[in-house]
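First residue of the sequence shown? That's 1024 in our numbering, and the numbers climb one at a time after it. Every residue, glycine too, gets a C-beta built ideally from N, C-alpha and C. All remarks here apply to the structure that follows.
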Amino acid sequence: MVADPSVPSTGSRSGARISLHLLGGFALLHDRTPVVVPRGLQRVIALIGLRPGATRCQLAGLLWPDAPEERALSSLRTALWRLRQDPCCPLTTNTDTVRLDPAVWLDVDELVGTATRVREGACPRAAAGALAAGRHDLLPGWYDDWVLLERERLRQLRLHMLEQVAGQHLAAGRHGEALEAALEAMAAEPLRETPHRLVVRIHLAEGNAFEAVHAFYVYRDLLRRELRLEPSPAMCALLDDTLAPIRRASRDGVTPRRSPGHPTRAPGGPARPASPSRRNA
C-alpha cells in the first residue's frame, strides 16, 4: 500500500482517521487522503471488514476457494505480512482472527447501524441519513461469491429500512417525507411491489385519488411489460373504494348481449328494431 506522498507517514496513527469505503467501490482513506492498495490486498481488507468474526481458515477458504487449505493459509499469511508493513494498515491480528482496527470507520457499519435504529423504532428524524445510507451497491464489479452474498444482504437491508421509514412517516402524517422514502426504495428496486404500495397509500392519505390511481396503473403496466404478472390482491385492494364508481359506470355502459330478434340499444341511443330479415323470418 502506498499513501499519498503529500501526507507524512510516521507510522503513528495518533489523531489520524482511517476510513474504509466498500459501498460504491473500494477506497481506503488516511485523513481523507486515498491510500493506494493493490487489488489482491483490497480483497483481503474488504473481506475482513465484512466478516469481523471470521477465523484465518475461514478467510483463506473464502479468498482462495480453489486452493488447498495449506496453500490458502500461506497466501493469507503473505497478504497480512504485506499489509502490516504499511503504517496505514487498518487491521489488527491475533493468533486465530484478523479484524479491522477499532479506530477504522467502515461505511457498511454506518448503513447497518442506521437500519438497526430504524428497526428498533427510533424516530425517523433521528435516522435522517437513512435515504442516503447505502445508496450505492457493495463493491460493484466484484463477483466473488462472498461479495454477491453480502451485496444482496445489504440491498435487502436498505430496502426494508426505507420502507419502514416511509411507513413511520405515513403513520405520523408526514406525507412528504413518507413519499420521499418510498420513492427512494422504488428507485432502488423498480419491480418491488412494497414501495409502490406505499406510494399509493400515501397519495390516498393525502386525498389525491388521481395520483393514487396513476401510481397503481404505472406499476401494473411495468409489471406486465417486464414480468407478465399482475399486481397482488393486496395492491389491488388499496383502490377498491376509489375505483368502485368507475367500475360501476363501466359496467353500466357495456352493451348487454341479447338473443336474436330482441331489440338492441346503441350505447346512449334509443332502441332500434331487429333487422328486416329477422322480422320476416
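C-beta atoms of residue i and residue j nearer than 7 angstroms
{"i": "Ala1228", "j": "Thr1265", "result": "no"}
{"i": "Pro1113", "j": "Val1131", "result": "no"}
{"i": "Ala1195", "j": "Val1222", "result": "no"}
{"i": "Leu1185", "j": "Leu1161", "result": "no"}
{"i": "Glu1207", "j": "Leu1154", "result": "yes"}
{"i": "Leu1051", "j": "Val1060", "result": "yes"}
{"i": "Arg1079", "j": "Asp1119", "result": "yes"}
{"i": "Ala1095", "j": "Ala1083", "result": "yes"}
{"i": "Arg1243", "j": "Pro1254", "result": "yes"}
{"i": "Cys1111", "j": "Val1170", "result": "no"}
For residue i, the three-state DSSP class (helix, strand or coil)
{"i": "His1159", "result": "coil"}
{"i": "Arg1122", "result": "strand"}
{"i": "Leu1180", "result": "helix"}
{"i": "Trp1087", "result": "coil"}
{"i": "Leu1134", "result": "helix"}
{"i": "Leu1154", "result": "coil"}
{"i": "Trp1165", "result": "coil"}
Assigned exposure category for residue i - 16 Cβ within 10 Å defines buried
{"i": "Gln1191", "result": "buried"}
{"i": "Val1241", "result": "exposed"}
{"i": "Leu1214", "result": "exposed"}
{"i": "His1159", "result": "exposed"}
{"i": "Cys1259", "result": "exposed"}
{"i": "Gln1187", "result": "buried"}
{"i": "Pro1218", "result": "buried"}
{"i": "Glu1093", "result": "exposed"}
{"i": "Ala1151", "result": "exposed"}
Integer Cβ distance of residue i from residue j, believed to fall under 8 angstroms
{"i": "Arg1181", "j": "Gly1157", "result": "4 angstroms"}
{"i": "Leu1086", "j": "Leu1073", "result": "In fact, because the Cβ distance is near 12 angstroms, the residues do not count as touching under 8 angstroms."}
{"i": "Leu1043", "j": "Val1067", "result": "So it is not a contact: roughly 12 angstroms between Cβ atoms."}
{"i": "Ala1102", "j": "Leu1129", "result": "19 angstroms between Cβ atoms; not a contact."}
{"i": "Leu1262", "j": "Ile1225", "result": "Wrong, their Cβ atoms sit about 13 angstroms apart, outside the cutoff."}
{"i": "Thr1115", "j": "Asp1124", "result": "5 angstroms"}
Below-7 angstroms beta-carbon distance, residue i vs any chain B residue
{"i": "Ala1210", "result": "As a matter of chain content, chain B is missing from the structure shown, which is built from one protein chain."}
Terminal residues of the beta strand (DSSP E) in which residue i lies
{"i": "Pro1268", "result": "Not the beta strand (DSSP E): Pro1268 falls in the alpha helix (DSSP H), residues 1263-1275."}
{"i": "Pro1057", "result": "1056-1059"}
{"i": "Ser1042", "result": "1041-1044"}
{"i": "Leu1052", "result": "1050-1053"}
{"i": "Thr1217", "result": "Run containing Thr1217: none in the beta strand (DSSP E); it sits in the alpha helix (DSSP H), 1216-1229."}
{"i": "Leu1246", "result": "Run containing Leu1246: none in the beta strand (DSSP E); it sits in the alpha helix (DSSP H), 1232-1250."}
Distance cut-off 6 angstroms: residue i Cβ against heavy atoms of the ligand PLP
{"i": "Ala1260", "result": "This structure lacks the ligand PLP, and indeed carries no ligand of any kind."}
First through last residue of the alpha helix (DSSP H) which encompasses residue i
{"i": "Thr1101", "result": "1092-1107"}
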